[in-house]
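Report on one structure; see the data block that follows.
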Amino acid sequence: MEIQTLNPTTPRQRQRIEAFLKRNGLRFDDMHYYAAVTDDDGEMIAGGGLKGNVIKCVAVDDAHKGEAIANTLISHLIAHANEEGHSNVMLFTKPKNRQLFESLSFRLLAEAPEAVLMETGIGGINNTVEALKKIREESEKYKEYNKECKENNKECKENSEECKEEEKTNLNITTPQHLNPSTPQPLTTTTPLRGVVVMNCNPFTLGHRYLIEQTAKQVERLFVMVVREDCSLFAYAERKAMVEQGVAHLENVTVIDGSEYAISQATFPTYFLKRLDDAADTQMLLDLDLFRRHIAPALGTTVRFVGTEPTDRLTRRYNQLMHEVLADVRETARLEKKGNAVSASRVRKAMEQGDMSTIRQLVPPTTLPYIIAHLATQALQAELDTTPKPGLVDKDNNGAHRDMDYALMQRSIDTLHPYFVKLALLGCADALPTHTSIRDVGIEAERAMLSATNGVNTHKGALFSMGLAVVAAAHEERKIAANEEQILKERNGGEDVLVSLRTTIKALAASFPDTSGTHGSKAKLLSKGTTAIKGALDNAREGYEMLFAEWLPFYIERRKERDAHTLHKTLLRIMCDLDDTNVIYRTDLATAEEVKQEARALLDNFSKAALKNMDRHYTTRNISPGGAADMLSLTIFIGSIQT
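Heads up, the working numbering is the position in the sequence shown plus 357, with the first residue counted as 1.
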């Protein structure tokens, strides 16, 4: 016998795995590694796979059971998982195999009628339980501290006639519940001490906040656990930060880390596939048993809260099973606006449509900076994905660039995203951030970009223009959130919103000193004063006049017409006007003027074939309109935040 490694992503090898599993009454599941035990004739007699630190699809042919093959196979899989950096390993298996795997040092984590989930190795669920117990202890300390403060305050009032009169006056004032939804209701002797709600929050909406506010009234302490998996549009760190900022006004709410033991790829993969089948039921039951056995006792919670689910069948089934498995489950009706439930999916759809007006109605102000940062990243991605582009990196080729390709540009965009979040958070303040604070984040972002690209300047120009726009957009949203109805009335709709945004960009750019050593500054030197070349900073100081006056309306009109080549044509439209310092730096002024004329001619008689010819021509001549590409990204971004 020997152990062979099979690649589940290779069609032929996957077929071999599937045939073996079918022979043993199992079906193929998502795996990145599969180990097959073969006999002397090369026939597979046993096998098992891995997905991360989870062992899956383990089977041994009936004729070879009892030969200790399972021990050899499992030991091999554990060793491989350890080599990949996993100190603990989990295993799904049938209940009848529980004793076998207990003999191999696996511990039971959870069980359901059709499967059990087991674990072996260092740490694992024990570490998670200990971390949750510490959170519980801290919450109890806070409770005692708060009680002491209230008693001291009460003693102060009893000794002060003035305080008594003030209290008497206050008792005659009734605050309408709809104006102060977070006001806690009086707790009774039957009030649960602690409860928990598990949320994904992709992104955090007013619906999430409403659910937390309503459930926080029913317990002394509410724990909000954020799903940890990074399988959503918004990363885990962003989602958790949004929740923390969105519930900061609730004193009895503690936001805690998610783990691989609560709605994770390891224990509940079908949640992220939104696939409702018999496997989903088993995974839901295992997830709920994990919660019942380990998480709830560690936190000392007696009630699980959940929002009603009107649309998602899988989540609705999960809620149903929750009622069957857990002792105390309480559902809160979803918050609705204009007859529709407030949901994260509605927010994501509005982001795709560039409908900031709808987004404002669905999320708290604390979520807006994260949305703005994502719109900026999506704009850079849209520019990169636009194919073909003349002389620029796209999905087809590297254009005129020998040091860049699509994968490198993608890595650069991914690296810059967290810094757009930082810039948006800077802008989300009553006063505009200082030049120094913006510059410091920009320098940090540029260093990270260069580190990720091995020193290649992929997005320096885009970082500057997009960074300013992100700060300005977040600041404008802050002002609107403070007094939305009055501001939008004064601005008379979306047009004036853009005027205000442009003014803010100009104010930010004015604080930046003249640059040296950039492509723009070098292009100016090459022009030798014969032409008034405008660099990136000049355009920013003017508030991107051509963008708002010409390119943005052109782009929006193409979108309204559902033109399949909107981005191609918008890029050409920008190339018609822009003094592209990247083109001048790589060639000369005369070539830059030719680029403008050729872009105009192609735009007047557009065809994709002609655009591909321009790409080949520019690649040969080392022409790369990188400045126009940056402005295309910025146009897309501004288009996505305008109402």
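All residues carry an ideal CB built from backbone N, CA and C; glycine is no exception.
Which listed residue (the options) has its alpha carbon closest to that of residue i
i              : options                        : result
lysine 695     : Met679, Met708, Thr715         : Thr715
serine 981     : Glu950, Leu960, Arg943         : Arg943
asparagine 439 : Ser460, Ile479, Val417         : Ile479
aspartate 418  : Cys933, Arg674, Ala376         : Ala376
arginine 596   : Gly399, Ala701, Phe662, Asp638 : Ala701
lysine 863     : Ala829, Gly892, Ala839, Ala605 : Ala829
leucine 780    : Asn840, Ala831, Asn811, Arg919 : Ala831
threonine 689  : Val798, His565, Gly442         : His565
arginine 898   : Lys746, Ile993, Phe821, Val952 : Phe821
glutamate 693  : Leu568, Pro910, Thr923         : Leu568
arginine 930   : Ala949, Leu960, Arg915         : Leu960
alanine 839    : Ser794, His774, Arg717, Ala889 : Arg717
tyrosine 727   : Leu719, Val778, Asn755         : Val778
glycine 399    : Arg373, Ala436, Lys379, Lys422 : Arg373
serine 652     : His680, Arg957, Ile620, Glu834 : Sequence check: residue 652 is isoleucine here, not serine. Here the closest residue by C-alpha is Ile620.
asparagine 896 : Leu935, Thr772, Met708, Arg957 : Leu935
leucine 434    : Lys451, Ala425, Lys413         : Lys413
glutamine 367  : Glu359, Arg380, Tyr391         : In the sequence on display, residue 367 carries threonine and not glutamine. Closest option to threonine 367, Cα to Cα, is Tyr391.
arginine 380   : Thr362, Ala420, Met358         : Ala420
Whole-angstrom distance between residue j and residue i, CA atom to CA atom
i                 : j                 : result
aspartate 987     : glutamine 738     : 11 Å
valine 415        : glycine 406       : 7 Å
valine 384        : arginine 455      : Per the sequence shown, the amino acid found at residue 384 is arginine instead of valine. Using only the alpha carbons, I get a separation of about 20 Å.
threonine 611     : serine 769        : 35 Å
asparagine 582    : asparagine 428    : The question names asparagine, yet the displayed sequence has methionine at residue 582. Roughly 37 Å separates the two Cα atoms.
tyrosine 912      : leucine 807       : 31 Å
tyrosine 763      : phenylalanine 648 : 43 Å
methionine 1014   : glutamine 370     : The question about residue 1014 has no answer here: the residues shown for the chain are numbered 358 through 1000.
lysine 453        : arginine 650      : 21 Å
asparagine 364    : threonine 672     : 33 Å
threonine 572     : leucine 607       : 11 Å
alanine 966       : proline 560       : 40 Å
valine 600        : cysteine 558      : 8 Å
arginine 919      : valine 604        : 40 Å
glutamate 617     : proline 910       : 47 Å
proline 332       : leucine 642       : Residue 332 lies beyond the residue range present for the chain, which begins at 358 and ends at 1000; the question has no answer from this structure.
isoleucine 402    : leucine 430       : 11 Å
threonine 810     : arginine 464      : 44 Å
lysine 836        : methionine 713    : 14 Å
phenylalanine 629 : arginine 493      : Bear in mind that a pLDDT of 46 at phenylalanine 629, under 50, signals an unreliable position, so the number given afterwards is only what the model happens to contain. Those two C-alpha atoms are separated by around 29 Å.
cysteine 933      : alanine 866       : 24 Å
valine 798        : glycine 984       : 22 Å
isoleucine 795    : leucine 783       : 8 Å
glycine 996       : alanine 684       : 50 Å
lysine 706        : leucine 719       : 12 Å
glutamate 902     : aspartate 853     : 15 Å
leucine 528       : asparagine 609    : Only weak support exists for where leucine 528 lies, its pLDDT of 34 falling under 50; the value from the coordinates is given anyway. Between leucine 528 and asparagine 609, the C-alpha separation is close to 23 Å.
lysine 422        : threonine 624     : 27 Å
glutamate 907     : asparagine 697    : 37 Å
C-beta atoms of residue i and residue j nearer than 8 Å
i                 : j             : result
leucine 656       : leucine 550   : no
leucine 991       : histidine 925 : no
valine 699        : threonine 562 : yes
phenylalanine 580 : valine 553    : yes
glycine 615       : valine 584    : yes
threonine 743     : leucine 928   : yes
threonine 734     : alanine 472   : no
tyrosine 355      : alanine 805   : Residue 355 falls outside the range modelled here, since the chain spans only 358 to 1000, and no answer is possible.
aspartate 760     : valine 813    : yes
serine 496        : arginine 578  : yes
valine 827        : alanine 893   : no
tyrosine 593      : proline 747   : no
leucine 474       : leucine 461   : no
Residue i - partner residues in DSSP beta bridges
i                  : result
leucine 363        : Tyr391
glutamate 555      : Per the sequence shown, residue 555 should be read as valine rather than glutamate. Valine 555 pairs with Met582.
isoleucine 613     : Met582
phenylalanine 1054 : Here the chain covers residues 358 to 1000 and nothing more, so residue 1054 does not appear.
is_contact[residue i, chain D] using C-beta, thresh 8 Å
i           : result
alanine 866 : Note that chain D does not occur in the displayed structure, where there is just one protein chain.
Item to check | Minimum length 4: unbroken alpha helix (DSSP H) runs contained in the stretch 379 to 443 | outcome: 426 to 440
Checklist entry - Hey, which unbroken runs of the alpha helix (DSSP H) at 4 residues or more fall wholly within the stretch 440 to 503? => result 455 to 459
Checklist entry - What are the complete alpha helix (DSSP H) segments, minimum 4 residues, inside the stretch 665 to 724? => result 670 to 682, 701 to 710, 713 to 719
Next on the checklist: For a minimum of 4 consecutive residues, which ranges assigned as the alpha helix (DSSP H) are wholly contained in the stretch 901 to 979?
Outcome noted: 909 to 917, 923 to 934, 938 to 943, 946 to 961, 965 to 977
Item to check | Residue ranges of each alpha helix (DSSP H) within the stretch 767 to 826, 4 or longer | outcome: 792 to 809
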